[in-house]
Each structure stands twice: as C-alpha cells, then as structure tokens.
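Going by our numbering, the first residue of the sequence shown is number -15, and it counts up by one from there.
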Amino acid sequence: MPDVIKLLPESVANQIAAGEVIQRPASAVKELLENSVDAGATDVKLFVKDSGRSLIQVNDNGCGMSLTDARLAFERHATSKIREANDLFAIRTLGFRGEALASIAAIAQIQIKTRRHEDELGTLIEIEGADFKQQSPCSCPAGTSIAVKNLFFNVPARRNFLKSNTVEFRHIIEEFQRVALVYPEISFSLYNDDRPMFVLQATNLKQRIINLMGNHFLNRLIPIEEENPEAYIIGFIGKPEFAKKTRGEQYFFVNKRFIRNAYMHHAVDSAYKELIPDDSHPVYFIYLDVNPENIDVNIHPTKTEVNFRYNQVIYSILKSSVKKALGKFSLEPTLDFDKEQGIEITPLPPGYIPKQPEIKVDPKYNPFSQQSGTSQFQVKKPVDDSWKNLFPQKTEEQASYILQGDTEEVPTDSNESNEFITPDSNFLIQLNARYIVAPVKSGLMLIDQYQAHQRILYDKLLERLSTNKAGSQKNMFPQTVHFSPANADIVKEILPQLNSLGFEIEPLGVNTYVVSAIPGDSENEDVNELLEKIIDNYKKNLIDLKSDRNTNLARSMARQMAIKPGKILGSEEMMEIINQLFASKAPEISPDGSPTLRIITLNEINKKFRE
Ligand code: ADP
Ligand code: MG
C-alpha cells in the first residue's frame, strides 16, 4: 500500500488555522483593536462596512512598523511580544501568539499603511489570501492603518456561515465595547457604513462605562475596589434593583482581557444572593489584576478563557469584595430605598413646644362609598356580560352569604347610594395591596391586580397594533433618552409600532431619541425606565418565545405599564379592573400564561371550618 499521508499545502494549513482565530468579522475587529492597544496608541478608529463583510479598517496612532517588521508581521508566529518560552509567564500585552495578522491575511485582502514616528516615509503593503501583491513607500500619518477587505473571500463555506448583518454587527459592537471598557484613557470611535456609532473621548472608567452603555447607568453603579497580595480588584457593580432578567451586561476582565469564567461569575452572582430575585442577573464591570505568573491565558486561541493557579482564593476574594461594596452602598444614607415607608423625624428647634394634635372627624365619611381618589381608567362596558353570572345578584343573594347579617350595619348615606357604579363594588377589598377580593356566587374570587391589568392592557395594545389606531397619550416635556447600541438597534426596529401604541419617539442622534409622549394607560411614568424595561423584555422574549413582533411588543409593554403589586386601589378602580378583565379575550390568564384569578369555592371554605 502506498504512503497516504501528505503535508497540506501552506495556504490550506493557514486557512484552517485562521478558522480558529477568525470565526467572524468581529474576531478580526478584536485582533486589530488589540494590536493597536499593544502598539501604544492613544487614538483608535474603527470603520466597518456591511457589518465587516466588505471592510474592517482600524487606524491608530501607535508606534507603527518598520518596512521589515510590516512584512514580517504577516508571517505565522511572527510577534514582537515574546522572544522565549519564559516570556509566556509574564505577558502583559493582549497579543503574543503572532497568529492574528497571518490568519486574517490568509482569508482576506489586506492593505496596510504604517509609519514609525521617527521615520519620514511609511510603508504600504497589499496582501491577498496570504500572497504579497505589492509593497511601496508611501506618505502616511505616524501609526498604522490596516484595512481588511472582503473577509472570507476565498472561504465560501465560512462566508455562508455568517449570520445576518444585524447579528454580525452586534458581535462587532460587543468586541469594541470589551476593548473600550478596559482602556478609558484611549479614545475609540466606531463608524458603521460611514455613520458614527461611538465617538469616545479619553476619560475615566465610570464615564467610559456610561458613554458606552447609556446615560441611565449614571445612578446605577457602585464602585468596587480591593487590594490583596493575590489580586487587585477595581470596577463597578450594578445596584441590586437594576439587576436584569438577561445576562447581557456582565463584564469580567483579567489583566485587561475580557474573560469568560463561569466560576468567577458565580462568585459575583452569589454575593448578590437574597438581594435580587433568583432569575435576575446583576450588572457588573469588574477588573481583576493578578500576577501573570499565576494565570494561563494560553488555553484558547482567542484568549477569552483563563486558568487561575489559585482558583478558590480568587473566588473568595472576588465574592467578599462584591459583598463589601454592596454592604457599603446599602449604608449610604442617600441611597436608602425604603425612604418612603420610613418615618423621618426632624429635630425640633430649641424652645419649641409642640401643639397637641387635633383630630378632625368627618361624620359624613363613608368608607364604602366611592369618594376616594379619581380613577385613571376609562370605564368600558364589557362586551360580554357572562362574567356577571359569577357575581351574586344584587337583591336576594347579597344578604345571604356576603357579609352575612353585617350588611345592615354598613353605614350608608342614603343620598349617595345611587352613585355606586354597581352595588358589588361595595364588597370589594384589596388584600396586601395586590389582590382584589370579591365575593362571587361560588365563593371568593381573588384577582391578582398586576396579572389582570397586564391582560387588559395586552388586549388593548394588540388591538391598537392591528387596527393602527393610536391610543390615548400622556404628553410630557420632551425628554432625551440614550440607549445602549444594542437596545438602540431594537428601538429603531420597532419605532413605528411604539409610536402607534401611544409613544411619541423621534430619533435625535447616535443611540439617542426624544420622547414627547407615552401611552396614556401607563402606570409607569419614568420614561427612561419604562422604555428600557420594555426593550429588555422584548429582547428576552425574542430569545425565549420567538413570538411575532406585535405579540412580543404588546406583551413587553403590558408588563411594564400595568399596575404593580403594592399599589393601593380604590374600590372604583378595582371594579373597573374587574369589568375590563371580564371584557377581555381570556380573563383567566395573563399574556405570559400566569393565572389572573383564582376562586376559593364555598366548598373549600366550608371544609376549612369543619377540619
Ligand atoms: P501578536 O499580536 O500576537 O504579536 P499579530 O499577528 O496580531 O500577533 O501581530 C504581529 C505583530 O505585528 C505584532 O507583534 C506587532 O509587532 C505588529 N503589529 C500588529 N499590529 C500593529 C499595529 N497596529 N501597530 C504596530 N505594530 C503592529
Ligand atoms: Mg495581535
């Protein structure tokens, strides 16, 4: 039998190796940005066209390269960053494998212009699929500009494997953010199809986070810092109340590299335990510095994984420093969330003699009448009256089991009795600021106000979307709202729907919109929060439910706009919820499938007394 093993031609070997490092346009972005940082640049500009398919270009003002270096840079294992094996244990640069440029060159057309600060003339080199095409002196600014064109032009399988432009571009933004978040002292900008997406000036860490993530982060961050012989930790963690259902904004960096590490993530998560619901995730930007000798980043070609020598030690340092920061924060008086419920006692001025409080009694006050508060609902008469069968008929049955003999003792002002919407609203009570309790023929009905109101709003919103009829609006002083780039993308996508649902939103600039009205039936009037939560929920539904756009949006909005548990309702408001709920398409379940109501039957009640 003849020998069968052959050495692969170099071009094929290079393409295979390239696949490990460069999986998609975002991977090339990462490598180029990291090279600019390693080159000591203070200003880095990224230009992307067609989500990186046709162009990825990075211009920096770093050290530049000599002609020889520029040619060598594209050879496999060509690196200026390590010289011997021992250097591997003291790595402080982002790159060191000397693979990135060779890999990119194997699968794209490359043009590089580079000049060292001390040289007068720079070098221009063109490479295509790892073949040198051209090299010439050129005049160019000090620093390096690398343009990567037509990525995967010679690897159709890879090209076909790429996702939609939106998805690929989101990956690019992620990589850009991961680098920009570590070097606030470097200015970074990102231009997408010639439009500026980010223009970040050199600044401090907190401001950089805010510039990248959106202005709403300003009041959400708690600083964290811990110095220890094993590790130095610095950064910001999110206040517990801003924890999210999605995992998006969690950034963990080790020695200035973005790292995925489930174990360390667990350390942070567990420090938040009991402060946030189990299905929520804290936001964090944590920067861990350890002696490079005690980590191994060389375990994965893209270097996003790391092995720690003292894994458990780092885990506990991390956890305790997050706990410490959270504890410190909760002691700060300005950040007391319980303020509204607490009693504040202002010291009396010296010599002040307090007056005996006077109690005024309104003898006409009738706690069961409808005087308390005006309603924010428009009462719609139910289209279907069948729900009425649930309720006792007002005459015979009223006295039979509702409040039994007590009915007569209820103080009523006979002049007012005709103002009641329906006699039944007399017998509604709200339990624990969350459940509406109503006596019905078969027993006691308990309605969850939050779930019920979601059902009501969901139906209304869906109808508005399908008929294109705008609902009522609350106008407000126009307010600018900044979104993270990923959320801004979604806002752009669903802007027409948002506007037909009662918002009035217009684009203003990069990731920024002006809001001048919100839907009239929204309980939540904090525009920033309302929109952000709607978008987060929408994103989550996109992943979890794959529902169509209208359903997803109606569901997300209903959730944010609905009356929350904890809101005290007047009996008229409770009655309106009941009316509207039973006029809806599926009164028993909320849009996410939770029950809106439960009935405790008379049987069950009777049993309780006979147990
Ligand atoms: P690595 O970063 O692992 O060393 P690369 O293939 O990314 O490998 O880069 C090879 C070499 O090219 C680097 O070691 C560096 O000397 C040089 N280089 C790459 N990009 C730049 C740049 N933007 N400015 C200056 N030198 C660069
Ligand atoms: Mg590199």
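Where is the CB? At the ideal position from N, CA and C, for every residue including glycine.
Query                                                                                                                                                                : Result
Expressed to the nearest angstrom, what Euclidean distance is found between the alpha-carbon atoms of Ile96 and Phe461?                                              : 50 angstroms
Expressed to the nearest angstrom, what Euclidean distance is found between the alpha-carbon atoms of Ser426 and Ser468?                                             : 51 angstroms
For a test of your reading of the model: does the CB of Gly79 fall under 7 angstroms from any non-hydrogen atom of the ligand MG? Yes or no.                         : yes
Thinking just about the alpha-carbon of each residue, which of Asp253, Asp273, Val274, Leu272 is nearest to the one in Ser264?                                       : Asp253
In its own chain, which residues sit with a C-beta less than 8 angstroms from the C-beta of Lys364, not counting the 5 before and 5 after it?                        : Unreliable positioning characterises Lys364 in this predicted model, as indicated by a pLDDT of 39, which lies under 50. A coordinate reading is not provided.
Comparing the CB of Gly106 with every heavy atom of the ligand ADP, is any distance shorter than 7 angstroms?                                                        : no
May I ask which residues mark the beginning and end of the alpha helix (DSSP H) holding Asn134?                                                                      : Taken as a continuous stretch (DSSP letters only), Asn134 belongs to no alpha helix (DSSP H), as it is neither H nor E.
Can we say the stretch 143 to 162 touches the stretch 424 to 440, given the rule of at least three CB pairs closer than 8 angstroms?                                 : no
Taking DSSP as the reference, what is the three-state secondary structure of Asp368?                                                                                 : With a pLDDT of only 48 at Asp368, under the threshold of 50, the placement of this residue in the model should not be trusted, and no figure is reported.
Helix, strand or coil for Pro180, going by three-state DSSP, please let me know.                                                                                     : strand
Would you give the residue range spanned by the alpha helix (DSSP H) that Tyr256 belongs to?                                                                         : No alpha helix (DSSP H) contains Tyr256, which DSSP labels as neither H nor E.
Return the CA-CA distance between Val166 and Ile279, expressed in angstroms with no decimal places.                                                                  : 19 angstroms
Tell me the DSSP bridge mates of Arg582?                                                                                                                             : Leu430
Does the separation of the CB atoms of Asn452 and Ser484 fall below 8 angstroms?                                                                                     : yes
Nearest to Tyr216 by CA position, among Tyr175, Ser300, Glu516, is which residue?                                                                                    : Ser300
Is Gly48 buried or exposed, if buried means 16 or more other CB atoms sit within 10 Å of its CB?                                                                     : buried
Going by the C-beta, is Glu15 closer than 7 angstroms to any heavy atom of the ligand ADP?                                                                           : yes
To which residues does DSSP link Ser120 through a beta bridge?                                                                                                       : Leu108
Hey, is Glu59 close to the ligand FMN, as in C-beta under 7 angstroms from one of its heavy atoms?                                                                   : The ligand content of the structure shown is limited to the ligand ADP and the ligand MG, which means the ligand FMN is not among them.
Is it true that the stretch 229 to 241 meets the stretch 491 to 510, where meeting means three or more beta-carbon pairs spaced less than 8 angstroms apart?         : no
Would you identify the three-state DSSP class for Ile666, choosing helix, strand or coil?                                                                            : Given a span of -15 to 595 for the chain in the structure shown, any question on residue 666 remains unanswerable.
What is the residue span of the beta strand (DSSP E) that Val139 lies within?                                                                                        : Note, Val139: premise wrong, no beta strand (DSSP E); not H, not E.
Straight-line CA distance for Asn587 to Ala538?                                                                                                                      : 38 angstroms
Quick one: measure Cβ to Cβ for Gln435 and Met558, integer angstroms, because I've assumed they're closer than 8 angstroms.                                          : That pair is no contact at about 14 angstroms.
Using three-state DSSP, classify Leu537 as helix, strand or coil.                                                                                                    : helix
Can you find a heavy atom of the ligand ADP that lies under 7 angstroms from the Cβ of Asn295?                                                                       : no
For Arg418 and Gln433, which I take to be in contact (beta-carbon distance under 8 angstroms), what is that distance rounded to the nearest angstrom?                : 6 angstroms
Go to Ala422, then tell me how far its beta strand (DSSP E) extends in each direction, as first and last residue.                                                    : 419 to 424
Go ahead and pull the three-state DSSP assignment for Lys608.                                                                                                        : An answer regarding residue 608 cannot be provided, because it is not within the stretch -15 to 595 covered by the chain.
Using the Cα positions of Ala126 and Asp177, report the straight-line distance between them to the nearest angstrom.                                                 : 25 angstroms
Note down, in chain order, each residue of its chain lying with its Cβ closer than 6 angstroms to the Cβ of Gly577, except the 5 sequence neighbours on either side. : none
Which partner residues does Lys29 have in the DSSP bridge list?                                                                                                      : Asn43, Ser173
With DSSP as the reference, label Leu(-9) as helix, strand or coil.                                                                                                  : coil
Does the distance from the CB of Gly46 to the CB of Ala23 come in under 8 angstroms?                                                                                 : yes
My output table needs one value for Asp263: the three-state DSSP class, helix, strand or coil.                                                                       : coil
Helix, strand or coil for His466? Go by DSSP, reduced to three states.                                                                                               : strand
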